[in-house]
Amino acid sequence: MVTRIGTFTNQQLILDATLRNQSRLGDTQLQVATGKKSQTFSGLSQDASRLTNLKNELAKAEQYVSNIDTVTKRLDLMEFGLEQIDGMAREMRSLIRSNLNGDAATTVNLSALAQQFLDQITETMNLRDDSRYLFAGGKTDTKPVDLANGIYTAPAPPPFDATVDAGYYEGDTSIAEVRIDDSVVVQYGVLANESAFEKVIRALDHVAQTTFTNPVTAAEKQMMNDAVTLLTEAVEDNGTSKTIGELAGDVVLDLRLLDSQKEKHQEYMNFTSTSIGDIENVNTAEAVTMLNFQQVQLQASYELVARLGTLSLANYLR
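Under numbering that gives the first Met the number 0, the residues of the sequence shown are numbered 0 to 317, in order.
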């Protein structure tokens with residue numbers, strides 16, 4: 000078959016167009032299969048830079064939410080612990096008052112009960128989140144309360160020793176902090192050497208270390224009165240230092256701040272994820288329609304190329 004130069008050029012143009020159609024069809028098939036407009040950033044042309052920025056912003060917001068979730072768990076445990084300590088301090092105060100009023104002097108082993116409450120409060124103040132002690136400040140690997148550490152001195156009542164003794168505290172004075180936004184760093188947490196805790200420990204230990212007589216002596220009654228006074232200062236407004244309830248209130252305020260900031264980040268993450276999807280993802284219905292059109296177009300191109308391949312002068316003259 001003899002082909003004129005003009006005919007060859009036309010055939011080549013048609014063949015090139017067919018190959019381009021074939022390439023576009025392959026791209027569309029990949030879009031339908033993956034749901035993505037392109038498998039590379041370069042395929043997104045002018046949107047590539049914006050997509051990179053959006054993904055970086057999304058990753059940063061996700062990290063802030065992760066930070067918030069971690070600290071929220073710790074603060075939830077702290078709030079629970081503070082509520083338990085407050086409740087035990089109030090209950091022990093009621094028991095001591097009952098004994099002072101003669102309601103339970105012969106039925107309640109006050110010293111043993113005080114020791115049980117003291118043990119429970121000590122255990123609560125040594126709460127951990129995984130391996131991290133919550134009330135120890137920066138020494139998160141150290142149990143914050145140890146009444147047998149050789150520094151704390153157990154009382155020998157009566158009388159009641161008014162000397163403040165936080166020698167049981169094994170932590171430090173560091174306050175934990177967490178970054179929850181680009182310009183927001185929150186300090187959070189409570190230390191086990193807070194005045195309210197020291198008062199509860201001192202009051203309970205005095206009662207626990209007392210061997211009560213029956214009937215109780217005036218010195219023993221005075222010691223119990225002093226213990227009630229100290230417990231009251233720990234759980235009710237004393238005008239000088241924070242009560243256990245007020246410490247719990249600080250924790251709740253931190254939790255509210257974290258929750259508010261998390262909600263803001265989640266809204267931004269939803270917006271950012273939508274924007275990323277608009278750039279990355281194809282409209283499936285439109286892509287399928289385009290795929291069908293391109294398949295028809297490519298089939299027509301194949302048929303045209305095949306027909307051109309059979310053309311010759313002999314066939315033309317027939």
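Positions of the beta carbon are idealized from the N, C-alpha and C atoms, including for glycine.
Small disclaimer: the values here were computed from a predicted structure and weren't measured.
Between the CA atoms of residue j and residue i - distance to the nearest angstrom
i	j	result
Gly170	Leu109	30 Å
Pro363	Ala207	Any property of residue 363 remains undetermined from this structure, which presents the chain solely from 0 to 317.
Tyr132	Thr210	34 Å
Gly136	Ala88	23 Å
Gln114	Met91	10 Å
Glu61	Met268	8 Å
Pro156	Asp249	34 Å
Ala165	Val251	25 Å
Leu53	Thr273	10 Å
Tyr168	Ala153	14 Å
Leu257	Arg127	20 Å
Ile150	Leu50	59 Å
Asp118	Ala233	18 Å
Gln83	His205	20 Å
Ile278	Ala47	9 Å
Ala218	Asp85	27 Å
Gly276	Tyr63	21 Å
Pro214	Ser93	19 Å
Leu230	Thr212	23 Å
Thr69	Asp129	11 Å
Beta-carbon gap between residue i and residue j smaller than 9 Å
i	j	result
Val184	Glu176	yes
Phe116	Ala191	no
Leu254	Asp75	yes
Arg324	Asp236	Residue 324 lies beyond the stretch modelled for the chain, which goes from 0 to 317, so this question has no answer here.
Buried or exposed (CB count within 10 angstroms, at least 16 for buried), residue i
i	result
Thr271	buried
Asn66	buried
Arg178	exposed
Thr139	buried
Ala111	exposed
Ala226	buried
Val163	exposed
Ile174	exposed
Glu266	exposed
Legend entry - Inter-stretch contact (C-beta, 8 Å, three-pair minimum) for the stretch 192-203 and the stretch 223-243: Yes, the stretch 192-203 touches the stretch 223-243.
Legend entry - Cβ contact check for the stretch 259-278 and the stretch 82-100: 3 or more pairs under 8 Å: Taking 8 Å as the limit for Cβ pairs, the verdict is that the stretch 82-100 does not touch the stretch 259-278.
Inset, instruction - Report yes or no: do the stretch 139-147 and the stretch 120-128 share at least 3 C-beta pairs separated by less than 8 Å? - result: Verdict: yes, contact present.
Legend entry - Whole alpha helix (DSSP H) elements within the stretch 109-191, 4-residue minimum: Qualifying alpha helix (DSSP H) stretches, in chain order: 109-124.
Legend entry - Segments assigned alpha helix (DSSP H), at least 4 residues, entirely inside the stretch 222-257: Taking 4 residues as the minimum length, the stretch 222-257 contains no alpha helix (DSSP H) run wholly inside it.
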